[in-house]
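Residue numbers (the numbering used here): 5 to 438.
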Ligand SMILES: [Zn+2]
Ligand SMILES: [Zn+2]
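Here's what the structure looks like:
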């Protein structure tokens, strides 16, 4: 979960405000959790440092609508009470969350277009369109009187992202003229060689897989990956199937994509209630629950507890996702239940066709980013210590002279004298009730 805070001239800029799922309240790298330590379904960052300085918050910027970046806004805003700045798709997702929390109309949301510029307090912000796995991902360039910082947020280089514009290196290349004090960036795939695969290649892999299926096809994927859903809609059109979305988060996201103009007119989505009346070979269902979540659609399908239809022998379930570390057991149990129903299961880890594409940069993408932007310092974030260290090594390999690898609660001084102050800020996790 992300909660980054940039300080300059007695003012603070918060970048992202996310949650994490099924976590203990103490980060595992700080203490080895005792077996049986209680986990909380949803945890948020402890915002005490900022709530104690509420008058000094210039704004909160949300870079994109993934839960680990947006999920804690509704819960923490009443303690922060600052303006929230974000782009239209992300604002639409946020508004639904605020409505559920009874906060709609109370939180001042300033909607900016991707690529715009705006000054809040001592920070001049420039949004840079990047590619990721959700509509409207934005990197943020933060200018101050003493220097500029690039906050990449989550990104990858995708030349054919299916939804949205292809990755454009020009705005990043332009940063090499700046002096760029620091780049703060995504470490998720810093241990993976090469390049991430394009969403377009993933669509081709899914098409080849689904084309040869005979019964019903159910695809598990993240609801927020609108590009993946669009690809599946096109595959449904090409293979004579009807597309249905099962699971609340998926239905919500498709609704928001339609509202904000990200859903193509030529892709129809049928009501899940109609699926039961269709011949199996005409069914393509996208379902939530690819991480084995107990109450999500895939698990309910595996236990025949969805009202719309049941899976039978000869049907296929495709996991267009990876197993997020920590979820191996629930996914294994889900797959087992599907096998017991004689349903064919295809997981991205066990097939040669590309049926999942990560939204994060691998080693070669990180190298390009630093060759283009030439930051004085690289600060790896968004990863476990292993990923942060790997990311720092990648940066050094392309000539970045300084890298700061730290932990939650460390303060990074960027100018005039760069350095890290370890453990300066009280941080932690607080449980959220859902
Ligand atoms: Zn993220
Ligand atoms: Zn993300």
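No residue lacks a Cβ here, since even glycine has one placed at the ideal position from N, Cα and C.
DSSP places residue 51 in the coil class of the three-state scheme, outside both helix and strand. Taken in chain order, the whole beta strand (DSSP E) runs of length 3 or more contained in the stretch 222-302 are 246-250, 287-291.
Judged by DSSP in its simplified three-state form, residue 24 adopts strand. Close to ligand 2, as judged by a C-beta nearer than 5 Å to any of its heavy atoms, are the residues 70, 158, in chain order. According to DSSP, residue 423 shares a beta bridge with 417. By the criterion of a C-beta distance shorter than 7 Å, residue 71 is surrounded in its chain by 22, 23, once the five residues flanking it on both sides are discounted. Ranking 395, 102, 53 by CA distance to the CA of residue 75 puts 102 first. In the structure shown, residue 369 adopts helical secondary structure according to DSSP, grouped into three states. In its chain, beyond the 5 residues on either side, 53, 413 have a beta carbon closer than 6 Å to the beta carbon of residue 429. The residue from 374, 181, 73 with its alpha-carbon nearest to that of residue 142 is 73. DSSP places residue 171 in no beta strand (DSSP E); its state is neither H nor E.
Here residue 106 is exposed. Its C-beta has fewer than 16 other C-beta atoms within 10 Å. DSSP lists 320 as the bridge partner or partners of residue 348. If you look at residue 157, you'll find it in the beta strand (DSSP E) that goes 151-157.
In the DSSP assignment, residue 123 falls outside any alpha helix (DSSP H) and within the unbroken beta strand (DSSP E) covering 121-124. Between the stretch 144-156 and the stretch 204-223, the count of Cβ pairs shorter than 8 Å is below three; the stretches do not touch. Nearest Cα to residue 13 within the set 419, 426, 260: 419.
Nearest to residue 239 by C-alpha distance, out of 401, 255, 290, is 290. Between residue 296 and residue 353, the C-beta gap is not smaller than 9 Å, which leaves the two residues out of contact. In this chain, the beta strand (DSSP E) harbouring residue 143 covers 142-148. Here DSSP, grouped into helix, strand and coil, assigns residue 406 to strand. Ligand 1 never approaches residue 377 closely enough for any of its heavy atoms to be under 8 Å from the residue's Cβ. Counted as a single uninterrupted DSSP element, the stretch harbouring residue 308 is not any alpha helix (DSSP H), since DSSP gives it neither H nor E. With at least 16 other beta carbons inside 10 angstroms of its own, residue 194 counts as buried.
Membership of residue 100 in the alpha helix (DSSP H) is indicated by the continuous run 92-104. Considering only 273, 174, 185, the residue with the shortest C-alpha distance to residue 372 is 174.
Within the same chain, and ignoring the five residues on either side of residue 79 in sequence, the residues whose Cβ sits closer than 7 Å to its Cβ are 48, 436.
For residue 324, the CB contacts under 7 Å within the same chain, skipping 5 residues up- and downstream, are 210, 223, 224, 225, 232, 352, 359, 360 in chain order. Within the same chain, 152 come within 7 Å of residue 182 by CB-CB distance, once the 5 residues on both sides are set aside.
Ligand 1 has no heavy atom closer than 8 Å to the beta-carbon of residue 229. Here the C-alpha atom of residue 134 lies approximately 14 Å from the C-alpha atom of residue 200. Take the alpha-carbon of residue 433 and the one of residue 242: they are about 47 Å apart. A distance below 9 Å separates the beta carbons of residue 348 and residue 319.
By the neighbour-count criterion, in which 16 or more other beta carbons inside 10 Å mark a residue as buried, residue 45 falls on the exposed side. Between residue 247 and residue 272, the CB-CB gap stays under 9 Å. Put simply, the backbone Cα of residue 379 is about 25 Å away from that of residue 427.
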